[in-house]
Amino acid sequence: MARHSRLQREVLGLYRQFLRACRGKPGFLPRVQAEFRRAARIPRTDVLLIEYLLRRGQRQLAQLREGHATGMGLFAPGRPKQQQEKDKEDAQS
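For the sequence shown, full-length UniProt numbering gives the first residue as 1, with consecutive numbering after it.
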């Protein structure tokens, strides 16, 4: 079996830490798994992005461990204002 690089070991360690931190917090585990699966598609050569996501994950883990987190939200972009106005016109018709 091939040895993992330092960066790969850090990512795997972060994943394990997230799994431990998610125990007893409903709804967190599927989100964590989905985030890591999505990030698994990043090419190994994109080291800058991987390091950025690793640092971001470490900050998120620290927040999760603080104990104040009760849920995990998702910021989704809103619909453009033009689309909202069009929907409003359609509703009035």
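Ideal placement from N, C-alpha and C gives every residue a C-beta, glycine not left out.
Given a cut-off of 8 Å, decide if residue j and residue i are closer than it, judged by their beta-carbon atoms.
i	j	result
Y52	F36	no
M61	A34	One detail in the question is off: residue 61 reads as Leu in this sequence, not Met. In this structure, A34 does not lie closer than 8 Å to L61 by Cβ.
L7	I42	no
E10	L54	yes
With a 10 Å radius around its C-beta and 16 neighbouring C-beta atoms as the bar for buried, classify residue i as buried or exposed.
i	result
G27	exposed
V47	exposed
G57	buried
Quick one: does the C-beta of residue i sit closer than 7 Å to a heavy atom of the ligand GDP?
i	result
G13	Among the components modelled here there is no ligand, and therefore nothing to report on the ligand GDP.
For the alpha helix (DSSP H) containing residue i, name the first residue and the last one.
i	result
P30	F28 to A39
G67	Counting along the chain, G67 falls outside any alpha helix (DSSP H), and DSSP gives it neither H nor E.
R23	Segment: none, R23 is in no alpha helix (DSSP H) and carries neither H nor E.
Keeping to the same chain, check which residues put their C-beta closer than 6 Å to that of residue i; ignore five residues upstream and five downstream.
i	result
R23	none
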